[in-house]
Structures are given as structure tokens and as C-alpha cells.
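Contents: one structure, followed by commentary.
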Ligand SMILES: O=C(CO)[C@H](O)[C@H](O)COP(=O)(O)O
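Numbering (the numbering used here), first residue to last: 40 to 185.
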């Protein structure tokens, strides 16, 4: 499984840590920036990571800004993306089981490294349950056609 990563300056340090986590867990990843602590705009990097997932170049995406909110909104503007802003392991698990989220957004200003590490592992290992949830995911995705 290949993971697309994106962040702004607020998420840069946590993204560096998450790269080490992914290496430890044995996942391949591609980093779509940003590449330093210099102030930048989260839509640029959230969208770049999201496009890689939407186009099938990566299987899942993890994006990080200070709150996790702006970069999740940006990622969700890309067709095919279901990016869940998560703050703990239960949210990371539930959004996989029920929403088949293909991206997760984390707020580096609120989520510590230990929690982020556990969330990443849960997000990447939890399966979608399908069944009634599949019908709902299909309805969500149909909204993109409006
Ligand atoms: O969390 C974010 C978006 O939701 C951004 O990281 C935050 O808005 C950046 O702000 P600043 O330029 O003041 O560092």
C-alpha cells in the first residue's frame, strides 16, 4: 500500500515523524510537500496528495496542517476523495469501517506524536465493513455529480 502525504508549515514536523512511522510499519509513501517550515498554503499540498489518491497513484492519503481542518476541506474538493479529519484512534477506525475514508487529516496543533502514530496504524489496517455502509458511501459519492 502506497501512502500520499501532504502538509503545510503547521504540519511539517508531524509529517516528518509520520514518515518515520510509515517506514517502521513497512509502508511506501510519496511526499507531496511542503518541504520546510516556511509559511505556505495548505490547499496546494492537500490537493496534490488528494489528486495522487484520486488518480490511483497512491492507495491512501494522510494530510496535516495546524488544525487538520483546512487541509481536509481542500482534499475533499478533489473528486473521489473521502478525507476524514480525525483526532483519535476511534475516529480513525470508524471512518475506515463506515465511510471507507481514503484520506485522513490530522491537526498537528492538537494531536501529539504518540496519538498520531497509533492513528496512522489504525487508519491503514482497518477494513471497510461494506453492507449498509456501502450504500451510504455510494450516495455520498453520487453527490459529486450535482
Ligand atoms: O490549520 C490550518 C488550516 O486549517 C493552517 O495550518 C493554519 O491556518 C495556518 O495558519 P498560520 O499561517 O497562522 O500558521
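Yeah, the Cβ is synthetic: ideal placement off N, Cα and C, and Gly gets one too.
>> Suppose contacts are defined by Cβ-Cβ distances below 8 Å. Is residue 16 in contact with residue 119 by that definition?
In response: The shown model of the chain, from 40 to 185, leaves out residue 16, and the question about it has no answer.
>> Buried or exposed for residue 44, going by 16 or more other Cβ atoms inside 10 Å?
In response: buried
> Which residues in the same chain as residue 82 place their Cβ atom closer than 7 Å to its Cβ, once the five residues preceding and following it in sequence are excluded?
Replying inline: 113
>> Going by beta-carbon coordinates alone, are residue 74 and residue 41 separated by less than 8 Å?
In response: no
> Cβ of residue 81 versus every heavy atom of ligand 1: is any distance shorter than 7 Å?
Replying inline: yes
> Once you ignore the five residues that flank residue 110 on each side, which residues in its own chain have a CB closer than 6 Å to its CB?
Replying inline: 81, 85, 102, 104 and 144
> To the nearest whole angstrom, what separates the beta carbons of residue 138 and residue 176, a pair I think is in contact under 8 Å?
Replying inline: 7 Å
>> Less than 7 Å separating the Cβ of residue 104 from some heavy atom of ligand 1?
In response: yes
>> Between 54, 50 and 89, which has its C-alpha nearest residue 79's C-alpha?
In response: 50
> Among all the DSSP beta bridges, which residues are the ones paired with residue 104?
Replying inline: 146
> Just to confirm, does residue 124 get its C-beta within under 7 Å of one of the non-hydrogen atoms of ligand 1?
Replying inline: no
> Can you list the alpha helix (DSSP H) stretches of 4 or more residues lying completely in the region 110-147, in chain order?
Replying inline: 128-138
> Going by C-alpha distance, which of 77, 129, 55 and 153 is nearest residue 162?
Replying inline: 129
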